[in-house]
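Data first, discussion second: the structure below is written as structure tokens.
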Amino acid sequence: MVLRLLPAALLTVLLLVIPAKNSLLAAESVEVVDVEGQPLGANVKRLISALDYLGAPLSDELVQKLTVASEQRNARQIQKLLDPEVLCVVSLNPEVRTKVARGPAQAVLQQGGFTPFLIKVINQSTVTRQLQISSPQAGAVYSGAALNSLKRQAQTELNQNENKQSASDRFLEVELFQASPMTVRLSGLECEYVLALIYCHESGKREATLGFDVGAGTQDIGFRGEVPILFTVKKAIPVKLAIRDFDGKPTAARLQFRDQQKRVYPLQAKRLAPDFFFQPQIYRQDGETVLLPAGELEMEYSRGPEYQRLTRKISVSASEPQTVEVNLQRWLNPRDYGFYSGDHHIHAAGCAHYDNPTKGVTPLDMFKQVKGEGLNVGCVLTWGPCFDVQRQFFSSSADRVSEPLTILKYDLEISGFGSAALGHVCLLNLQNQTYPGTLGTVKGWPSWTVPVLRWCKEQGGVTGYPHSALRVNPPQAAIRMINDLDRDQSESINADEAGQGLLPKTFASIDEDGDGQLNEQELTRALEQSADELPNLAVPEMNGGGAMEICVSTAEGVCDFVSAMDTERIPEWNTWYHILNCGYPLKVSGETDFPCMSSRRVGQGRVYVNLGDVDEVDFPEWCRGIQQGRSYVSDGYAHALEFQVGGQSPGFEEVQLKEPGKVEVTAKVAFASETPRAVAYGLLDPPEGKRAVGDTRVLHAPRNSEYVTGGERLVEIVRNGEVVARKKVPADGQVHDLKFTVPVSQSSWIALRQFPQLHTNPVNVIVDQRPIRASRESALWCAETIKLLWKNRHQKIAERERPAAEETYQRAIQSYLKRAQEATP
Ligand SMILES: [Zn+2]
Ligand SMILES: [Zn+2]
């Protein structure tokens, strides 16, 4: 207990031998001022209960004496009793200038926790402003996180006062306790007491400066608004964690510690790897430790979405070694069904990560995150930021921190350099990360994606586009359609003109006023409706992010997958559906793009690959599973543990029918009984409408950490992009068996989905050995996106590469047009 360390008598003796001018040490005496006893007594009463609440009560004896003095309204006696406990005396002169002096209290802190200190405020100004505390030793220990990235997840406060100068003395955190029963503003009384909370994450003797003011320009000139204090910081005892998995084996966990005021520990502003400042949680392996403040804390523990989220109170002692047991429980184990989870797109640098004091974080730091979220595979992709440093971690096989059931592999995302303007690409299972002629730098890479993907595939790699949503902009798309199709300068499109292009809906349904002309307003309204539908024929802008060149590279046979689960679900799945409808074997994979899209945790978007019953995950084999589509994608709270069409699972054999008929579809699905309430999971409606559902990139709503329990999920069977059967399933954590009969009249792909949380890869049903040509419009949509992309972006392709690129684009357009012709009308 800091506030009653020395009896007043002993204190007086000590003070006599202290040089009076040394402000680092305790001051001799505190001025006792004339003030009315009743309001000061009320202030002290609130102070006493606040200190109780903060777990740092004043001694019973002192409380008793203060109570008597308060009842007697004896202001001078109250001050005489409390002043020995004061760390600083803040004086506001009549001109509202603030100066501060050291008080008599001992400056003793406990490492890793907040210690309350009494501050006496002598207020000659009688202003009732908010008192503020500051310290040059306070603030973030890191710097370099991308503001944009923090903005998207609504936590920009995390890079306020970042450590740009690489200062090594940012050991302090200071704040005033202004919650009830204390007050936000000064009362205006000539004398009152307030509470400061001071935190230090280092131990030993530390000199720090505290400053006080009541707004800009109110600190006294000549540094009298600041006071240096020598703190003695008692060493915290690390709390050891005994972490057991559902089966009793040691493992890693996701842990979150909060005190009664919901404050998170370790403090986010003081976190360096392995703890990430942009997450409230931390990750630890069995036997590792964490520094926590003494007292009661709430511990939330889990190991990702397949585990229960459990909480319990723990009591931390400041003086004795202790072990906290963490016993994890699963609600589901996809491995029982042969599925091994992974996130093929995470980063150890850039976006929310810092680049100071280190250029991103290490494989071991990322491994804890991956294992602590229960992922079997994490692909750490080196990209533009910190490229030179991060590339050293590359290896042609799994990183050496890997374990049989937790694999980390370093690969590449071409982003921030090279072909990025034509769509970022993920290159997985690379054997060699140096593109010929680049000498291991970001210079000299191809400026469009097809050659990069080809190079990856030639070395046995697996390729795909990340954060793939291609967004529709209805007003712009309407203007573009009129510009492209309106031959007779009528500023609208007639039926003849429409025949040359691709309408989002039928002519008649767009032509609301029935005048035989589609004007800009009618087209905009039709495009607005389409953008909220899946599938839809609205052509996206092809001038931003997303899987821009995917229709080209898929036609060239060099793209294996389109990513899902991190950007808006409708455009993600829409692109994929159109390409599948043309008969291309494109697969879907699941990713987070941590911490660029979402910085909340790795494995927010996942792919579950069917490897059967194995004791060890083989990374190349797992990647082959993505390539073959032996998988489903999910946010981890929704699962298709079995999905069969005519007895075949996705990624294995095709189902052959001699003639049109019916196929049996069976499935085992399970949905968590507790799911985060967020747009990302479809459990909050985004203000932008259905088109934004599933997005993890921005929150679309105020930040919250609420969960939704129970409810129902709509499982749909999709044939060539259209829903042909559906069934509601309770979100109860149980496995449910489903059975459907689906008619098939032509060669088709069939998959299972639950929008926006879950999609399986398809099983193809081939009728009479004919290829899948499911939709003429899908083929035209693909061709349109290629044409528009070329128009918008061909100048981003280097001149020397442009002829080859143009030829490839033309070839791709022709293959889609050919497939459009081959499709059943
Ligand atoms: Zn990217
Ligand atoms: Zn990325």
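The sequence shown begins at 1 in the UniProt record's numbering and counts up by one. We put the CB at the ideal spot given by N, CA and C, even for glycine. Note that the coordinates shown come from a computational prediction; the quantities given were computed from them, not determined experimentally.
Contact check, Y465 vs E373, beta carbons under 9 angstroms: Along the sequence shown, read from residue 1 onward, the residue named residue 465 stands at position 465. Along the sequence shown, read from residue 1 onward, the residue named residue 373 stands at position 373. No, these two residues do not count as a Cβ contact at 9 angstroms.
Quick one: which unbroken beta strand (DSSP E) runs of 3-plus residues sit fully inside the segment 67–116? Chain order, please. Fully enclosed beta strand (DSSP E) runs of 3 or longer: 86–92, 98–102, 108–110.
Which class does S589 belong to by DSSP, given the choice of helix, strand or coil? As a first step, residue 589 must be located in the sequence shown, where it is residue number 589. It is a strand residue.
Limits of the alpha helix (DSSP H) - the one that V450 falls within: Stepping through the sequence shown from its first residue, residue 450 is reached at position 450. 449–458 is the span of the alpha helix (DSSP H), which, as asked, contains V450.
Would the beta-carbon of P466 be found less than 8 angstroms away from any heavy atom of ligand 2? Within the sequence shown, the letter at position 466 stands for residue 466. At a cut-off of 8 angstroms, the beta-carbon of P466 counts as near ligand 2: some heavy atom of the ligand is closer than that.
State buried or exposed for F652, treating a residue as buried only when at least 16 other CB atoms are found within 10 Å of its CB. Locating residue 652 in the sequence shown gives position 652, where the first residue counts as 1. Classification for F652: exposed.
Within a Cβ cutoff of 6 angstroms, which residues of the same chain sit near V389, ignoring the five residues on either side of it in sequence? Sequence index remark: in the sequence shown, residue 389 carries index 389 (1-based). Cβ neighbours of V389 beyond the five flanking positions: K359.
Option in Q160, Q132, S135 with minimal Cα separation from G144: Working through the sequence shown from its first residue, we reach residue 144 at position 144. Checked all of Q160, Q132, S135; the closest Cα to G144 is Q160.
Cutting at 7 angstroms between CB atoms, please list the residues of its own chain near S166, excluding the five before and the five after it. If you number the sequence shown from 1, residue 166 lands on position 166. Hits under 7 angstroms: N356, P357.
Per DSSP, cross-strand counterpart(s) of Q517: Working through the sequence shown from its first residue, we reach residue 517 at position 517. Q517 pairs with N494.
Alpha carbon to alpha carbon, how far is T696 from V665? Numbered from its first residue, the sequence shown carries residue 696 at position 696. Numbered from its first residue, the sequence shown carries residue 665 at position 665. Cα to Cα, the separation comes out at about 31 angstroms.
Out of R400, I243, P730, state which residue places its alpha-carbon closest to the alpha-carbon of E325. As a position in the sequence shown, residue 325 is number 325, starting the count at 1. Distances from the alpha-carbon of E325 to those of R400, I243, P730 put I243 closest.
Could you tell me which of N473, A555, G682, Q279 sits nearest to L150, measuring between CA atoms? One-based indexing of the sequence shown puts residue 150 at position 150. Ranking the options by Cα distance to L150, first place goes to Q279.
For N93, which of K65, S168, G225 has the nearest alpha-carbon? As a position in the sequence shown, residue 93 is number 93, starting the count at 1. Closest by alpha carbon: G225.
DSSP-derived helix/strand/coil call for L537: Within the sequence shown, the letter at position 537 stands for residue 537. Of the three classes helix, strand and coil, the one that applies to L537 here is coil, per DSSP.
Continuous alpha helix (DSSP H) assignments of at least 4 residues falling wholly in the segment 385–435: Scanning the segment 385–435 from its first residue to its last, the whole alpha helix (DSSP H) runs of 4-plus residues come out as 387–390.
Check whether the segment 472–484 and the segment 537–545 touch, using three or more Cβ-Cβ pairs below 8 angstroms as the test. Touching, yes.
Quick check on the burial criterion: 16 or more other C-beta atoms within 10 angstroms. Buried or exposed for Q431? In the sequence shown, the residue the question calls residue 431 occupies position 431. With fewer than 16 other Cβ atoms within 10 Å, it is exposed.
With F231 as the anchor, note down where its alpha helix (DSSP H) starts and where it stops. If you number the sequence shown from 1, residue 231 lands on position 231. Per DSSP, F231 belongs to no alpha helix (DSSP H); it is in the beta strand (DSSP E), 226–234.
Quick check on E822: does DSSP put it in helix, strand or coil? Counting from one through the sequence shown, the residue named residue 822 turns up at place 822. Looking at E822 - three-state DSSP - the assignment turns out to be helix.
Got a sec: does ligand 1 put a non-hydrogen atom nearer than 8 angstroms to the Cβ of E413? As a first step, residue 413 is located in the sequence shown; it is residue number 413 there, counting from the start. E413 Cβ: within cutoff of ligand 1.
Taking C-beta to C-beta, are A154 and F277 nearer than 9 angstroms? One-based indexing of the sequence shown puts residue 154 at position 154. One-based indexing of the sequence shown puts residue 277 at position 277. Going by C-beta atoms, A154 is not nearer than 9 angstroms to F277.
Compute the beta-carbon to beta-carbon distance between T311 and Q219, rounded to the nearest angstrom, for a pair I have assumed lies under 8 angstroms. If you number the sequence shown from 1, residue 311 lands on position 311. If you number the sequence shown from 1, residue 219 lands on position 219. The beta-carbon distance between T311 and Q219, rounded to whole angstroms, is 43 angstroms. This is too long to meet the 8 angstroms contact definition.
So the candidates are R802, R46, R254; which of them puts its Cα closest to the Cα of F177? Along the sequence shown, read from residue 1 onward, the residue named residue 177 stands at position 177. Nearest in C-alpha terms to F177, of all of R802, R46, R254, is R46.
Look at D411 and Q433 and say whether their C-beta atoms are less than 9 angstroms apart. Numbered from 1 along the sequence shown, position 411 holds the residue referred to as residue 411. Numbered from 1 along the sequence shown, position 433 holds the residue referred to as residue 433. In this structure, Q433 lies closer than 9 angstroms to D411 by Cβ.
Going by DSSP, name the residue or residues bridged to W749. Residue 749 sits at position 749 when you count from the first residue of the sequence shown. Answer by DSSP bridge pairing, in chain order: N764.
How big is the Cα-Cα spacing for R263 and T115? Within the sequence shown, residue 263 is the residue found at index 263, counting from 1. Within the sequence shown, residue 115 is the residue found at index 115, counting from 1. One C-alpha to the other measures close to 14 angstroms.
Along the chain, where does the alpha helix (DSSP H) containing V370 start, and where does it finish? Counting from one through the sequence shown, the residue named residue 370 turns up at place 370. DSSP places V370 inside the alpha helix (DSSP H), whose first and last residues are 363–372.
For ligand 4, I want to know if W383 counts as a neighbour, meaning its beta carbon is within less than 8 angstroms of at least one of the ligand's heavy atoms. This structure lacks ligand 4; its bound ligands are ligand 1 and ligand 2.
At a cut-off of 8 angstroms, is D593 close to ligand 2 when judged by its beta-carbon and the heavy atoms of the ligand? Position 593 of the sequence shown holds residue 593. Set against 8 angstroms, the gap from the CB of D593 to the closest heavy atom of ligand 2 is smaller.
Per DSSP, what kind of secondary structure is S553 in: helix, strand or coil? Mapped onto the sequence shown, residue 553 falls at position 553. It is helical.
Verify the contact flag: R424, CB atom, against every heavy atom of ligand 1, threshold strictly below 8 angstroms. As a first step, residue 424 must be located in the sequence shown, where it is residue number 424. A quick correction: the sequence has His, not Arg, at residue 424. Yes - ligand 1 has a heavy atom lying nearer than 8 angstroms to the Cβ of H424.
Nearest by alpha-carbon distance to G546: which of C426, R487, E512, V655 is it? As a working mapping, residue 546 is identified with position 546 in the sequence shown. Comparing Cα-Cα distances from G546 to each of C426, R487, E512, V655, the minimum goes to C426.
So, at 8 angstroms on beta carbons, what are the nonlocal neighbours of K21 in its own chain, with the 5 sequence-adjacent residues on each side left out? Residue 21 sits at position 21 when you count from the first residue of the sequence shown. In this predicted model, K21 has a pLDDT of only 43, less than 50, meaning its place in the structure is not dependable; the value taken from the coordinates is given anyway. Same-chain partners within the cutoff: there are none.
What did DSSP end up calling R726 once you bin it into helix, strand or coil? In the sequence shown, counting from the first residue as 1, residue 726 sits at position 726. Strand.
Validate contact between the segment 78–97 and the segment 55–67 using beta carbons, cut 8 angstroms, 3 pairs: Contact between the segment 78–97 and the segment 55–67 is present, because at least three Cβ pairs lie under 8 angstroms.
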